[in-house]
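Okay, so the sequence shown: first residue is 4 according to the working numbering, each after it adds one.
Yeah, the Cβ is synthetic: ideal placement off N, Cα and C, and Gly gets one too.
This one's a predicted model, so the numbers in the text were calculated from it and none came from an experiment.
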Amino acid sequence: MIKIIKNKKIAILGSSPVMIILFYLLKLKNEVVLFEENKILGGAWKLQKYKNSFINLHSNVVLPGSNKEYTRQKEINTLLKKKIGIKIKRSKKKIFALYKPQKYFEYDFNRIYQKILKNSHYIVKDKIRKITLLENNKIKVNKDKVFDIVFFPSYFGINHFYNKKKKINIDFKLIESLHLSVITNNINQKLIYSDFYNNYFDRIDIHKHKNFFHITARISKQLKTLKLKKIKEKFIESFPKIVIKKLFINRYKNYYRDQHQLNDLKTKLNKNKIIYINTTSFIAGICQLINLLRKY
Ligand SMILES: Cc1cc2nc3c(=O)[nH]c(=O)nc-3n(C[C@H](O)[C@H](O)[C@H](O)COP(=O)(O)OP(=O)(O)OC[C@H]3O[C@@H](n4cnc5c(N)ncnc54)[C@H](O)[C@@H]3O)c2cc1C
């Protein structure tokens, strides 16, 4: 399946899981670096160390949205296990989402983050401010780094690039989502993931770690401006059975592009040189990688 692009200098933008997986698929036969401005890898899927575990701050799940995606998910699982070494297990959680596949899976990305960090020369910890497609068809990133190919995900934070001397706008909108994390020692209910919960919280995930449980929830717009104490009250109202040991809020800044902006981005990026990767969902992204690498 993976004949792959060979002997190229490649830049991968950002460190969301799809982009890290692309890094691993290309790295054996190419010189690849990954640009990331944040000191923690993972983008919207970044993990935080708590006690001896890594906790998922943003209720991240890999869920197919249709029969077609569910069928592809099996192919994806084989690729991720065999080629990348990602641990995947069947989920025992009760899942509340619109599409209901036969089986749900949980993915452990932490190992690939740790592995890449051990080879830190692959990571350029720098904010990308300028991308230029040069006369000789190479791509210059910032002032001095030159590549044959650049891979560009959906929500990357740069709002223009240059095609030779012509400036091309690729707008985004900076949005911030708020996520609640609650640690508890015991839980009196089934482990769940729910896309929708109530007017205060959605994307609820209850996860069991070795010595504690971690509950994450995205905070609704109407609670966003409230003080932590008030948000805590709403949590207690929503989950009366849960005894809170620790509660904190995480913020995620996302360089969001709506569908119109994504279509625009896809059209404007050069198909062979600055390649757009659809990272709007994990499954969509990996499906595109499989299709893309098949072509080469
Ligand atoms: C909070 C949140 C949770 C999500 N959860 C899920 C989920 O559970 N399942 C799912 O399928 N989809 C989910 N999505 C949708 C989508 O899959 C993810 O957003 C995915 O990670 C998008 O990948 P991305 O690379 O486009 O953006 P991001 O994940 O935001 O990653 C972009 C990365 O690039 C870095 N970066 C940005 N600009 C620059 C720059 N100029 N220079 C250097 N570095 C830069 C950022 O620091 C970041 O690490 C979620 C989205 C959000 C916002």
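Cβ pair residue 268, residue 153 closer than 8 Å: With respect to residue 153, residue 268 sits apart: the two C-beta atoms are not nearer than 8 Å.
Cut-off 7 Å between Cβ atoms - residues of its own chain near residue 291, not counting five sequence neighbours on either side: Closer than 7 Å at the Cβ level, and outside the excluded window around residue 291, lie 280, 281.
Inter-residue spacing [alpha-carbon to alpha-carbon] between residue 92 and residue 81: Rounded to whole angstroms, residue 92 to residue 81 spans 12 Å at the Cα level.
Helix, strand or coil at residue 229 [DSSP, three-state]: Three-state result, residue 229: coil.
Cβ-based neighbour list, residue 211, same chain, cut-off 7 Å, excluding 5 preceding and 5 following: So the list reads 194, once near-sequence residues are dropped.
Any beta strand (DSSP E) of 3 or more consecutive residues that is wholly inside the segment 194-247: Counting whole runs of 3 or more residues, the segment 194-247 contains the beta strand (DSSP E) stretches 195-199, 204-211, 216-222.
From 101, 155, 138, 78, residue whose alpha carbon lies closest to that of residue 37: Selected option, being the one with the closest Cα: 155.
The segment 115-125 touching the segment 138-151, judged by at least three CB pairs closer than 8 Å: Per the Cβ contact rule, the segment 115-125 is not in contact with the segment 138-151 (fewer than 3 Cβ pairs under 8 Å).
Residue span of the alpha helix (DSSP H) that contains residue 265, given as start and end: 262-271 is the span of the alpha helix (DSSP H), which, as asked, contains residue 265.
Residue 253 (DSSP reduced to helix, strand or coil): Residue 253 falls in the strand class under three-state DSSP.
Residue 8: first and last residue of the uninterrupted beta strand (DSSP E) it sits in: Element bounds for residue 8: n/a, residue is neither H nor E.
Under 8 Å between C-beta atoms of residue 181 and residue 227: In contact: residue 181 and residue 227 (Cβ atoms closer than 8 Å).
Helix, strand or coil at residue 284 according to DSSP, with G and I counted as helix: For residue 284, the secondary structure class from DSSP, reduced to helix, strand or coil, is coil.
Under the three-state DSSP convention, the category residue 125 falls into: The answer is helix: DSSP assigns residue 125 an H, G or I state.
As assigned by DSSP and simplified to three states, the class of residue 64: Reduced to three states, the DSSP call for residue 64 is coil.
Extent of the continuous beta strand (DSSP E) to which residue 148 belongs: Counted as a single uninterrupted DSSP element, the beta strand (DSSP E) harbouring residue 148 occupies residues 148-150.
Contact test: residue 180 Cβ vs ligand 1 heavy atom, cutoff 7 Å: Yes - ligand 1 has a heavy atom lying nearer than 7 Å to the Cβ of residue 180.
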